[in-house]
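Going by the UniProt record's numbering, the first residue of the sequence shown is number 1, and it counts up by one from there. The beta-carbon is built from N, C-alpha and C at its ideal position, and this holds for glycine as well.
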Amino acid sequence: MGGLLVLAGLGLIIFGLTRKRGQKWKGVLGGVLVLVVGAALSPSPEQGTQPAPAAQIGESPAQAPASQPSKASSTAEPGTTLRVGIWDITAGHAEIKRLKVLGNEYVNTRADDGFVYALVPVSVTNVSNKTDSLLFVTWVLQDSQGREYEVETLSDMYLPEGARLDLVDVPPGATRSGYLVYQVAENASGLVLIVRAGLSGEKSWQLE
């Protein structure tokens with residue numbers, strides 16, 4: 001409103017200056033009056049502007065909620081059958097044996113000091129339509145302290161013939177069962193078997 005009156009007052013002043021000498025003062029005087037009234041009604045630059053509220057002490061700007069971490073892949077119960085590539089694998093379906101000595105009184109091997117042999121029962125079935133082997137599958141045993149143990153590939157020769165796990169040249173539909181042999185710390189507990197099969201992924205069983 002005030003701004004319009006200011007403009008009108010300026011217009012009257014200019015118009016009065018263009019009039020004849022006798023009428024010039026009337027136009028100028030009227031324009032001045034309108035200009036004064038308009039200036040009085042015009043808001044000051046500081047009016048209508050409110051300062052942004054100050055942040056409260058201890059408050060932080062709103063943040064987007066952090067994304068939830070993805071859950072680790074679940075570990076199967078003992079005796080569960082899981083598909084790994086072309087293989088159905090079952091682990092922990094029988095008791096894990098812990099022995100200090102493998103073999104018999106004539107031919108045997110003894111675990112290192114502070115270690116025992118852990119015999120982990122495993123069963124594998126070839127679900128493809130061709131003969132294949134598990135030569136490139138890694139079988140890792142892990143305890144509750146995060147220590148990992150590798151298969152004792154030469155120790156299974158001390159197992160009875162029916163307890164050995166033959167993972168070579170398994171025909172389609174055939175199942176092979178036996179024990180994987182590990183040397184684990186004598187205080188190892190909470191054993192988990194982890195199967196790592198490259199592009200086929202990783203599966204695990206909580207054995208105890």
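Contact check, Val184 vs Tyr149 under 8 Å by CB: the rounded distance? The C-beta distance from Val184 to Tyr149 rounds to 5 Å, short enough to fall under 8 Å.
Between which residues of its own chain and Gly198 is the CB-CB distance below 7 Å, once the five residues before and five after are set aside? For Gly198, where only same-chain residues beyond five positions count, the Cβ hits under 7 Å are Phe136.
Asn108 and Pro171 - do their beta-carbons sit closer together than 8 Å? Cβ distance not < 8 Å, so Pro171 and Asn108 don't count as in contact.
Reduced DSSP category for Tyr158 - H, G, I as helix; E, B as strand; rest coil: Tyr158: helix per DSSP, three-state reduction.
Using the C-alpha atoms, what's the distance from Ile89 back to Ser128? If I take the Cα positions, the gap works out to 13 Å.
Tell whether a beta-carbon distance below 8 Å holds between Leu191 and Gly178. Annotated as distal: Leu191 and Gly178, with beta-carbon spacing of 8 Å or more.
Out of Tyr106, Gly103 and Leu99, state which residue places its alpha-carbon closest to the alpha-carbon of Gly114. It is Leu99 whose Cα lies nearest to the Cα of Gly114.
Confirm, please, whether the CB-CB distance from Trp205 to Gly85 is below 8 Å. Not a contact, by the Cβ cut-off of 8 Å.
Any heavy atom of the ligand ATP within a distance shorter than 7 Å of the CB on Thr125? By its list of ligands, the structure shown contains no ligand whatsoever, and the ligand ATP lies outside what it can speak to.
6 Å CB neighbourhood of Asp156 in its chain, flanking five on each side removed: Excluding positions up to five away in sequence, the list reads Arg164 and Val181.
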